[in-house]
Structures are given as structure tokens and as C-alpha cells.
Amino acid sequence: MAEKVDERPKVETKARTERPRLYKVTLLNDDFTPRDFVVAVLMAVFRMTEAEALGVMLTAHRKGACVVAVYTREVAETKCKQANDAGREQGYPLAFTMEQEE
Ligand code: NFA
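First residue of the sequence shown? That's 1 in the UniProt record's numbering, and the numbers climb one at a time after it.
What follows is the structure, encoded as C-alpha cells:
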């Protein structure tokens, strides 16, 4: 006669989904990058509408900096690099920075 096998799991598992850390990307103002170029980069890299990009560009221009968006780390890194590289290719000091959100 077949033995009864205890198929109950021997270890208790607790379902727990950790939220990924989020990173804030900020646009810094400078005196050299043309406004139109900043708007174009915001639209191309950060997928903003022209109105959104204009708003972010003007806020950075007036206040010195403007938060662009919040992403997971890899996405924030990739977008910052693409945007900073686009400026550097044209000889502009355009700068996007990222920092972990508390
Ligand atoms: N201050 C720049 C100008 O007057 C425009 C700019 C805005 C640059 C936001 C960088 C960030 N041409």
C-alpha cells in the first residue's frame, strides 16, 4: 500500500513586494544653452509635450532648477545620460542631475 506523503511546505513564506527606490531627475539652469534646445531635449528624452517642456524649462530658467520627473534608478540614469550627452554634443553645459528620493 502506498505511503502517504506530507506535501505541506516546510517553510513559511511571506508575500512581500518591495517598492523600488525612486530617483528624482532635476534640470539645472545655465546661461548658455538655448531655450529651444532645452525644450527639444525635454520632449525627446523625457517624453513631454511642448507645453510641459516649456514650463519645466522656464521654471529652471527663473529659479535655477526644476524637477523633471521621478524614475527607477536605471531609467533615471539612462535619461540623464542621454540628455547630458545631447547638450555636450552641441557644446552646451546643459545639466540634468539625479538623486534618490527619501
Ligand atoms: N538660461 C538659458 C537661456 O537663457 C535657458 C535654460 C533654461 C538653460 C533651463 C538650461 C536650463 N538661454
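Idealized CB from N, CA, C, for every residue including glycine. Keep in mind that this is a model prediction, so the values were computed, not measured.
For L94, the secondary structure class from DSSP, reduced to helix, strand or coil, is coil. Leaving aside the five residues that flank Q100 on each side, the residues in its chain whose CB is nearer than 7 Å to its CB run, in chain order, R21 and Y23. Listed in chain order, the beta strand (DSSP E) runs fully inside the UniProt domain "Adaptor protein ClpS core" (19 to 97) are 22 to 28 and 65 to 72, counting runs of at least 3 residues. In this structure, the beta-carbon distance from F96 to V68 falls below 9 Å.
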